[in-house]
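Worksheet: the structure to be examined is printed underneath.
Numbering (mature numbering (1 follows the signal peptide of the UniProt record, and there is no 0)), first residue to last: -21 to -1, 1 to 240.
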């Protein structure tokens, strides 16, 4: 009866795992939890070493790198049986910590670095591990995905993902992928404004909205003296007289002149 209950528990554990978790291939650094029915003395956590092996009582090193949890447990069962240590051993292997596969999260996140990849990790999972996007982060990110030895760049609109509920943008990530959050575009306000300085450029921003971020025009300033200074297509600086509805572009300088009267 206990053997039947153990088998049922193993089956329930297996069916509760996502398909990707069952297909996960072990690698160096991963930690697995191993149990053997009716042999509590063999219960243990084991780390896959640099040679891709785990050390298990009675049978020593077992090469598990590249194996799934189910094929790894079959290897252990076979060695226990073939060595004459146990008769019909029932082994269960569960991946406890995923450490062999990593994804780099870089750019404007609170804790950039490399993070372990779990079986079904997505873009949002990795962003959460990295502490989220900083205030200086852009409204989009770049996923550099490795597939068949080639790199593919996918740009993801994070506003659509987080606020618009477009969960199809929440790509599953793979070993060696890179998530990069660029710095948000900025513009500058100078001259006769209350709070001159650099500001985050929002989508479709115009001069009126830009001035409101800068606290508005001072008493000495004038709406008739607003200029936008930017670089033209040839890279040369140009100066434009601007109205309040004029669009503001990345790296623009909005300058408010002093009134002559």
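Using N, Cα and C, we set each Cβ at its ideal position, and we do this for glycine too.
Treat the numbers as computed from the prediction; the structure is a model and nothing was measured.
When C-alpha distances from residue 125 are compared across 235, 207 and 81, the shortest belongs to 81.
Taking C-alpha positions only, residue 208 is separated from residue 176 by approximately 14 angstroms. Non-local beta-carbon contacts of residue 117 in its own chain, meaning distances under 6 angstroms to residues more than five positions away in sequence, involve 161 and 163 in chain order.
Collapsing the DSSP output to three states places residue 43 in coil. Between residue 45 and the set 153, 4, 148 and 39, the nearest pair of CA atoms involves 4. For residue 177, the uninterrupted beta strand (DSSP E) run begins and ends at 176 to 179, by DSSP. Comparing alpha carbon positions, the residue from 115, 129 and 147 closest to residue 166 is 115.
In the structure shown, residue 7 falls within a coil segment according to DSSP collapsed to helix, strand and coil. Rounded to whole angstroms, the separation of the alpha carbons of residue 77 and residue 47 is 12 angstroms. In this structure the region 18 to 28 does not touch the region 88 to 100; the number of beta carbon pairs closer than 8 angstroms is below three. Under DSSP, residue 54 takes part in no beta bridge, so it has no partner. Membership of residue 23 in the beta strand (DSSP E) is indicated by the continuous run 23 to 26. The alpha-carbon separation between residue 67 and residue 60 amounts to approximately 6 angstroms. For residue 84 against residue 13, the beta-carbon gap comes to about 31 angstroms, at or over 8 angstroms, which does not count as contact. With contacts defined as CB atoms closer than 8 angstroms, residue 187 and residue 137 fail to qualify as a contacting pair. If you check the CB distance, residue 158 and residue 102 come in under 8 angstroms.
Shown here for residue 221: same chain residues with a beta carbon closer than 7 angstroms to its own, the five before and five after excluded, namely 186, 205, 206 and 207 in chain order. With a threshold of 16 other beta carbon atoms within 10 Å, residue 112 meets it and is buried.
Take residue 216, set aside five residues on each side of it, and the residues of its chain with a beta-carbon closer than 8 angstroms to its own are 208, 209 and 210, in chain order. A distance of 8 angstroms or more separates the beta carbons of residue 90 and residue 107.
Only residues of its own chain outside the window of five on either side were considered, and among them 82, 84, 94, 152 and 158 have a CB closer than 7 angstroms to the CB of residue 105, listed in chain order.
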